[in-house]
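Q:
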């Protein structure tokens, strides 16, 4: 199970207490749990000519998305070393990350789940309800 946190590409991290799916969920579902961090806000998504990177196909920004794709590729290539099956990777993403979903699907065809919630003052309880539902429905 790979967790990509939301936060409007501006804040958050892969181990946000009360926000990310818990190790309890992964344990209950007998899965390897992977969370990632990626560059946020200006450092992750500013686009300037000076930021051109030949390695990233002449990209001029959006390195936060490249970070996510590189992390997913790493998981695909290495999850077997942690007892996981690269053919059965489940990617959990927050709704703000759905713009990146097509590339995610090309890496992991099997399961991509978007957790739909609004990031705001009441986000913790809303997301925790969804995580609780995932835990209850884990098979």
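In full-length UniProt numbering, the protein residues as written are 1 to 139. Beta carbons: idealized from backbone N, C-alpha and C, even for Gly. Since this is a predicted model, take the numbers as computed values, not measurements.
#1: Tell me which residues share the same chain as residue 9 and place their Cβ nearer than 8 angstroms to its Cβ, disregarding the 5 neighbours each side in the sequence.
#2: Alpha carbon to alpha carbon, how far is residue 61 from residue 14?
#3: Compute the Euclidean distance between the alpha carbons of residue 33 and residue 24, then round it to the nearest angstrom.
#4: Tell me the DSSP bridge mates of residue 34?
#5: For residue 4, does the count of other Cβ atoms within 10 angstroms reach 16, so buried, or fall short, so exposed?
#6: Where residue 27 and residue 1 are concerned, what is the direct C-alpha to C-alpha distance, given to the nearest angstrom?
A: Let me spell this out:
#1: In the chain shown, the residue the question calls residue 9 occupies position 9. Taken in chain order, the residues that qualify are 40, 41, 44, 45, 64 and 96.
#2: Start at 1 with the first residue of the chain shown, and residue 61 comes out as number 61. Start at 1 with the first residue of the chain shown, and residue 14 comes out as number 14. Looking at the two C-alpha atoms, the distance is approximately 21 angstroms.
#3: For this step, residue 33 is matched to residue 33 along the chain shown. For this step, residue 24 is matched to residue 24 along the chain shown. Computed Cα separation, rounded: 10 angstroms.
#4: On the chain shown, residue 34 is found 34 positions in, with the first residue counted as 1. Note: residue 34 sits in a beta bridge opposite 2.
#5: Along the chain shown, read from residue 1 onward, the residue named residue 4 stands at position 4. With 16 or more Cβ atoms within 10 Å of its Cβ, residue 4 is classed as buried.
#6: As a first step, residue 27 is located in the chain shown; it is residue number 27 there, counting from the start. As a first step, residue 1 is located in the chain shown; it is residue number 1 there, counting from the start. Taken atom to atom, the span from the alpha-carbon of residue 27 to that of residue 1 is near 10 angstroms.
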